[in-house]
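2 protein chains.
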Amino acid sequence: MSSEPGMLVAGYVRQERLLDNLAALARFGALPAGGVNRQALSAEDLAAREWIIDLAVALGCEVTTDQCANLFIRRAGLRDLPPVVTGSHIDTQPCGGNLDGCYGVMAGIECLFALNEAGIVTQRPLEVVIWTNEEGSRFSPGAMGSCAFVNPERLTDYLDNQDQDGIKVSAALAECHRRFAALGRRARHPMAAFIELHIEQGPVLEQAGLPLAVVQGIQGVRWYQIRCLGRSAHAGTTPMDRREDAMTLARRVADRIEQAVADVPADQLRLTFGCWQVAPNAINTVAGEVGFTVDFRYPDAAVLDRFDAAIASLAAGNVIITPMLSQPPVAFDAQLLARQRACCAALAIPAGQLVSGAFHDAMHLAAHCPTGMFFVPSRDGVSHNPAEYTDPHSLWLGARALACCLTELANPLTGVTL
Amino acid sequence: MSSEPGMLVAGYVRQERLLDNLAALARFGALPAGGVNRQALSAEDLAAREWIIDLAVALGCEVTTDQCANLFIRRAGLRDLPPVVTGSHIDTQPCGGNLDGCYGVMAGIECLFALNEAGIVTQRPLEVVIWTNEEGSRFSPGAMGSCAFVNPERLTDYLDNQDQDGIKVSAALAECHRRFAALGRRARHPMAAFIELHIEQGPVLEQAGLPLAVVQGIQGVRWYQIRCLGRSAHAGTTPMDRREDAMTLARRVADRIEQAVADVPADQLRLTFGCWQVAPNAINTVAGEVGFTVDFRYPDAAVLDRFDAAIASLAAGNVIITPMLSQPPVAFDAQLLARQRACCAALAIPAGQLVSGAFHDAMHLAAHCPTGMFFVPSRDGVSHNPAEYTDPHSLWLGARALACCLTELANPLTGVTL
């Protein structure tokens, strides 16, 4: 296999057009002080979809949707084979940046521009997909669209979930479908491959001085709620040896959880006690109950299982442990990883490798087809924030690597005009 | 000095009458499921005051008030000397019991019954005082009335303080004064002694199997607010060595505070981290800021000072320390303590001794006149709760000891009818 067609298409990826289209998308839901608020299936989201659909049609693509309002922008291939797919999401956090998700979508569109300008026809169709409600900030759960695409039976569980105004997922989907009634509807369809290009949302690439990473997989995650029960008592009158201080207990439990993973190599380890509730939460009252959350991530299933066992061993009459989420680690497709690395090498892009600590739509797609991701750096590791930023050169390199990979995977014919 | 007149009066203290009067007082603000909500200067408080004033007048006493609506029930003495005073408060927590404060007031009234029935005339007047707003649950600060009595200039600082409905202290006081306009007004007046009888609100006496304690003093208190500053970050994408986790920092600071007092004898030590705020308080976000409170109590000023120094040494760019309260320990009057012990001995009441970990009006009175306290046990150490309970026999013994002490201090003449 030669990488020449891929390199040819990569040569048509234009930084300025990519940045312009990112800026155009960022106008939908732009916040006065910078950043974007574009909630899933909101008026801003629907307006942005309309703009992207127009762009896709102008590029000669066919646009379809499915029951969860995922949007598929299809560049036809010569044969009716499962498509090569890229994409991400365009919904944002309430005070988000304009790259999280959007970069993957607009870089996919940029690849379509480049393919057209390069005059490349592929055997396989190529699709850019916009997954609905990845952030989960309007409707729970996050990555709803990609999950419902891969597991259509799961959507019924989500339809009654409401946003904070009491609007149900079903109602928001119905409005979107009315707005875009002209689009054809699809069900789950086979895919030859899915590659998601995304910002890292962490500091590792910046620290390493690398513009790109081939993502090896997604960390497994465990979420727990730990309730520590004590007895509220007067802070002045209750001797220390007569107390059942729930905060003291919670601090000791947190210490023991830290100790349980003290021997785990720290570079991939993520352990966070992020959310705390203290009752009655008064300066002069010993805490009667303290709840806190545990977020543990690691790429090795054996370590995750060992963590589960360590947590379970802490359960007691006054330590109530509730598992909230158990997500196995995802290892991306080895052949796809090799092709991604080869494209980076051919384009002379210095690419590192890392494991994603964040969830992405690719997590669900990995159960559907060979899946991979590229990351570009996030300045200061900042995301979910208007200050989210990646230097334009890295954005351009990421889109070039994506264009190269997609083209190669789609089995191109050179020298044929569509 | 003979303790015979004191023992004579103690013999007229009647358990049934005391319990009946406590039950009658508990009807003002009674909660449907038990317990009492009688906020300072509320309609329930004013109705209770009216009932007590009627009782006092029937006992032949003169009732006066002052600018902070403290109520003084005066049984005349033969000479116009500074009175011997007892009393406490009748305001309660929002879901309080019927003994906290009320016991001290109604036991004082019971002493007046007993004095009358014993036919005892004293040289000094005897006063039962009701201090306004001890709990501080409606208006800040607590122990307002006793503080304003001893330090009249402080009241102006409190007049604009509001309850949660926006009603000011000044307005609530004015309404009370209108209701009881017939009462004479007094300023701060000298007192020969103040003895407050109160429930322990802790478990020590119950554990020791003692019905009564002569309280040696009140613990010194330090309150601090500790703000730990970090940087909020994604729980999945941020490596551990790149984090500034404010909760990890706060847990370490709390550990160091504990270690700073690890060598302090534990029986009198009280250390509580009762109130916590975590931001942004999300399961998948490293905490950017954590605030927590420190409540430290100890009877020895040198230990309190050493604690202050230890806390100060923890201050750093990311650890902001704000002192909130610094209350020196109070040692009660040695002569009064001796008399209290002598009365207990004469009445064959087994009395322990302890230092109060809770604030009481006696804390302020100690700066005004020789002051002491008696404690009776609290079942399970429970207070500020409808389950607050002391066995009737202990309540009776406490009132007997109080009657004995007050009588002795007031320099009685026997065999004379008032």
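Top to bottom, those sequences are chains A and B. So the first sequence is numbered by our numbering: it starts at 33 and just counts up by one. So the second sequence is numbered by our numbering: it starts at 33 and just counts up by one. Just so you know, even glycine gets a beta-carbon here, dropped at the ideal spot from N, CA and C.
A:Ser-415 versus chain B: which residues are under 8 Å apart at the beta carbon? What A:Ser-415 touches in chain B: His-266, Thr-269.
Check whether chain B comes within 8 Å of A:Ser-34, counting only Cβ atoms and requiring the distance to be less than that. Reliability fails at A:Ser-34, whose pLDDT of 48 lies under 50, so the model's placement of it is uncertain and the value that follows must be treated cautiously. False, the Cβ-Cβ gap to chain B never drops below 8 Å.
Quick check: what's the CA-CA separation for A:Val-45 versus A:Ser-426? 13 Å
Cβ closer than 7 Å: which chain B residues qualify as neighbours of A:Ile-315? Chain B residues near A:Ile-315: Trp-255, Gly-306, Cys-307, Thr-325, Asp-327.
With 8 Å set as the bound, which would you pick, yes or no: does the beta-carbon of A:Met-272 sit closer than that to a beta-carbon of chain B? yes
Beta-carbon of B:Pro-235 versus every beta-carbon of chain A: anything under 8 Å? Against chain A, the CB of B:Pro-235 has a partner CB under 8 Å away; the residue lies at that interface.
Report yes if the C-beta of B:Leu-237 is less than 7 Å from at least one heavy atom of the ligand FAD; otherwise report no. Summarising the ligand content, the structure contains no ligands, and the ligand FAD is consequently not present.
With 8 Å set as the bound, which would you pick, yes or no: does the beta-carbon of A:Leu-229 sit closer than that to a beta-carbon of chain B? It does not; no Cβ of chain B falls within 8 Å.
What residue range is occupied by the uninterrupted beta strand (DSSP E) comprising A:Cys-260? 252-261
When you compare only the Cα positions, how much space is there between B:Val-246 and B:Asn-443? Their Cα atoms are separated by approximately 21 Å.
B:Leu-242 CB to nearest chain A CB: under 8 Å? Not closer than 8 Å to any Cβ of chain A, the Cβ of B:Leu-242 fails to qualify, so no.
In chain B, what lies closer than 7 Å to A:Gly-136 by C-beta? Correct list: empty, because the minimum Cβ distance to chain B is about 16 Å.
Chain A contact residues for B:Glu-232, given Cβ-Cβ distances below 8 Å: Thr-269
Given A:Phe-181, which residues of its chain have a CB within under 7 Å of its CB, disregarding the five upstream and five downstream residues? Correct list, in chain order: Asp-98, Cys-100, Asn-102, Arg-220.
What would DSSP say about A:Ala-98, mapped onto helix, strand or coil? Looking at the sequence shown, residue 98 of chain A is not Ala but Asp. Three-state result, A:Asp-98: strand.
In the DSSP assignment, find the beta strand (DSSP E) that holds A:Asp-412 and state where it starts and stops. A:Asp-412 -> no beta strand (DSSP E), and no H or E assigned at all.
Is any beta-carbon of chain A found at less than 8 Å from that of B:Ala-419? no
Alpha carbon of A:Ala-79 to alpha carbon of A:Gly-413, nearest angstrom: 30 Å
Looking at C-alpha atoms only, which residue of A:Thr-304, A:Gly-38, A:Ile-231 is the closest neighbour of A:Tyr-330? Ranking A:Thr-304, A:Gly-38, A:Ile-231 by Cα distance to A:Tyr-330 puts A:Thr-304 first.
Alpha carbon to alpha carbon, how far is A:Asp-295 from A:Ser-345? Give it in angstroms, no decimals. 18 Å
B:Ile-231: first and last residue of the uninterrupted beta strand (DSSP E) it sits in: 225-231
Counting only beta-carbon atoms, is B:Leu-301 nearer than 8 Å to chain A? The Cβ of B:Leu-301 sits closer than 8 Å to at least one Cβ of chain A.
Mind listing which residues of the stretch 425-441 of chain A have their C-beta closer than 8 Å to chain B's C-betas, in chain order? none
Is the stretch 230-250 of chain A in contact with the stretch 378-388 of chain A, if contact means three or more CB pairs nearer than 8 Å? yes
Looking at chain B, which residues of the stretch 328-358 of chain A have a Cβ within less than 7 Å of any of its Cβ atoms? Arg-329
Proximal residues to B:Leu-205 (C-beta, below 6 Å), its chain only, five neighbours per side dropped: Counting only Cβ-Cβ distances below 6 Å, and skipping sequence neighbours, we find Ala-101.
Between which two residues does the alpha helix (DSSP H) holding A:Ala-311 run? Careful: A:Ala-311 lies outside any alpha helix (DSSP H), inside the beta strand (DSSP E) at 308-311.
Bridge partners of B:Tyr-330, per DSSP? Beta-bridge pairing by DSSP links B:Tyr-330 to B:Gly-252.
Considering only the beta carbon of each residue, do B:Gly-119 and B:Ile-162 sit closer than 8 Å? yes
The stretch 207-225 of chain A contacting the stretch 355-364 of chain A, beta-carbon criterion three pairs below 8 Å: No: the two stretches stay apart, fewer than three of their Cβ pairs being nearer than 8 Å.
Would B:Trp-308 and A:Asn-350 qualify as a contact pair, given that the criterion is a beta-carbon distance under 8 Å? no
Hey, B:Asp-327 and A:Ile-315 are a contact pair by Cβ (cut 8 Å); roughly how many whole angstroms apart? The distance from the Cβ of B:Asp-327 to that of A:Ile-315 is about 6 Å, consistent with a contact at the 8 Å cut-off.
Environment of A:Gln-291 [buried if 16+ CB atoms lie within 10 Å]: exposed
If contact is defined by three or more beta carbon pairs under 8 Å, each pair taking one atom from either stretch, is the stretch 107-121 of chain A in contact with the stretch 195-202 of chain A? Look at the beta carbons and you see the stretch 195-202 of chain A not touching the stretch 107-121 of chain A: under three pairs across the two are nearer than 8 Å.
Name the chain B residues whose beta carbon is nearer than 9 Å to that of A:Gln-71? Simply none; closest approach about 17 Å.
Give the DSSP-derived three-state secondary structure of A:Leu-113 in the structure shown. coil
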